[in-house]
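Residue numbering for the sequence shown is 68 to 416, as defined by my numbering.
Note that beta-carbon positions come from the ideal geometry of N, C-alpha and C, so glycine has one too.
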Amino acid sequence: MSSHTTDSSAAIDELAQFKLRCAQALHTVRGLSDVIPGSTPRDALYTQGKVTLYRYRSGAKASRRPRVLIIYAQVNRPSVLDLEPDRSMIAGLLAHGLDVYLLDWGYPDRADRHTTLSDYVLRDIDRAVQTVGKSAPIHLLGVCQGGTLSLIYASLEPQRIKKLVTMVTPVDFQTDDNVLSKWVRGVDIKKLVASVGNVPGAWLNAAFLSLMPFRLTLQKYLTLVDHPDQQEVLATFLRMEQWIFDSPDQAGAAFAEFVTWFYQENRFVNGTLSLAGRAARLDALRMPILNIYATEDHLVPPAASKALGALVRSERYEELAVQTGHIGIYVGSRAHTLPPKIAAWLKRL
């Protein structure tokens, strides 16, 4: 038998096995009950427009727990922070003695197309901070784009923030390794928003996936068939898929401002950012800051996040590097190490 015949037979056998694993995976998925991201009980404190403030339940006495308000990105849903019991940043923060609140941006629609960054920061974040703090300073945890918004708010209202944690947060939007930034800088964002109003979330999701097309599309499905009969693995996969493709539309005015002011004009670095006539400079930040970044982040490269250290005046600025990617920092193998470190840092005098 020739080597060519042997190789062909091996390839046919491998293809048959792959087909069988695909069928097994499909059968397992069909047998799963509904899998929905978000597992920790919570209560809505209020809803204003599309925005809701949640408080997560804990058995500990509230008076003894430091209050932390999470501000997540607007381009995705915060459910990734509470994906499932064993992969929940929020459950981890609760377990380590924090009183956890979350500002949920909801789903903007056509009525929100004129909403600005000033509305989101000075109206929505400010109301949440004052509700959580009850006139006392609170801890703020800003994630990704939510970290950028948190930096803006903290620079304008520093007396309301006791400590600030930023996670995979872009600060310098024009680092050499920022592929997304290079794409966006060439977009006529005003013309785009004028023509579509709100920016469809599906467009942004497609753009993010195209940055790493093999890893974020084909590779994950190939990896899936390696566990065709493991319900827990497949349930996690489905929850992640739901989160990835649950992309809210973006309020046109705010999106145009964000792209223009940060990606195109890099206003944090240049010190030229202002909201409602008020200068929002990072050198106004003097509260303790913990800046967490992912070393393998393709959306917010480490240099884009680490730039924060040179722009603030905090005497207690610290950085924490996590060897993972942008999404892995929430749900990856090292994600469980973050809540105890964040809680310990917030509790430190």
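Check, Outcome
"How many Å lie between Asp243 and Trp270 at the Cα?", "24 Å"
"Out of curiosity, what's the CA-to-CA distance linking Pro407 and Leu161?", "10 Å"
"Can the beta-carbon of Val210 be found less than 9 Å from the beta-carbon of Leu148?", "yes"
"Just verifying my parser: in three-state terms, what is the DSSP assignment at Arg109?", "strand"
"Distance check for Gln226 and Phe281, CA to CA, integer angstroms please.", "Low per-residue confidence applies at Phe281: pLDDT is 42, beneath 50, and the placement is therefore not dependable, though the value from the model is reported in the following sentence. Between Phe281 and Gln226, the C-alpha separation is close to 46 Å."
"In this structure, does DSSP put Glu19 in helix, strand or coil?", "With the chain covering only 68 through 416, there is no way to say anything about residue 19."
"Answer yes if the segment 142-156 comes into contact with the segment 393-404, meaning at least three C-beta pairs across the two stretches below 8 Å, and no otherwise.", "yes"
"My output table needs one value for Gly209: the three-state DSSP class, helix, strand or coil.", "strand"
"Exposed or buried, Trp250, counting other C-beta atoms within 10 Å across all chains shown (16 or more means buried)?", "exposed"
"From what residue to what residue does the beta strand (DSSP E) around Ala351 run?", "Premise fails: Ala351 is in no beta strand (DSSP E) and is neither H nor E."
"Taking just the CA atoms, how far does Ser202 sit from Arg132?", "17 Å"
"I need the straight-line Cα distance from Ala111 to Asp313, nearest angstrom please.", "21 Å"
"Which of the three DSSP states is assigned to Arg122 in this structure?", "strand"
"So Ile137 and Val167 are supposed to be a Cβ contact under 8 Å. How far apart are they, rounded?", "7 Å"
"Would the beta-carbon of Arg345 fall within 9 Å of that of Leu223?", "yes"
"Among Arg252, Pro355, Leu184, Tyr397, whose alpha-carbon lies nearest the alpha-carbon of Ser146?", "Tyr397"
"How far does the alpha helix (DSSP H) with Ile192 in it extend, from its first residue to its last?", "Neither: Ile192 is in no alpha helix (DSSP H) and is coded neither H nor E."
"Identify which residue in Arg122, Gly164, Trp412, Val326 has its Cα closest to the Cα of Thr198.", "Arg122"
"Which same chain residues, not among the five before or five after Trp310, have their C-beta less than 8 Å away from its C-beta?", "Pro104, Asn143, Arg144, Ser146, Val147, Leu150"
"Please state whether the Cβ-Cβ distance between Val326 and Ala374 is less than 9 Å.", "no"
"Please tell me whether Tyr360 and Val379 are closer than 9 Å, where the distance is taken between their beta carbons.", "no"
"Please classify His206: is it buried, with 16 or more other beta-carbons within 10 angstroms of its beta-carbon, or exposed?", "buried"
"Using DSSP bridges, identify the partner residues of Ser155.", "Asp149"
"Arg380 lies in the alpha helix (DSSP H); which residues open and close that run?", "That residue, Arg380, is in no alpha helix (DSSP H); it is neither H nor E in DSSP."
"When we look at the beta-carbon of Ser262 and count the other beta-carbons within 10 Å, is it buried (16 or more) or exposed?", "exposed"
"Take Ala410 and list the residues in its own chain whose beta-carbon comes closer than 7 Å to its own, dropping the five residues that flank it on each side.", "Leu160, His163, Gly164, Leu165"
"Do Asn358 and Asp239 count as a contact pair if the criterion is CB distance below 9 Å?", "no"
"Kindly indicate the opening and closing residues of the alpha helix (DSSP H) around Ile409.", "405-414"
"With H, G and I counted as helix, E and B as strand and the rest as coil, what does DSSP make of Asn358?", "strand"
"Grouping DSSP H, G and I as helix and E and B as strand, with all else coil, what is Gln141?", "coil"
"Distance, Cα to Cα, Ala371 vs Val260?", "26 Å"
"Out of Arg194, Pro237, Thr182, His393, state which residue places its alpha-carbon closest to the alpha-carbon of Thr362.", "His393"
"In the DSSP assignment, the alpha helix (DSSP H) including Lys117 goes from what residue to what residue?", "Looking at the DSSP string, Lys117 is not in any alpha helix (DSSP H), and its letter there is neither H nor E."
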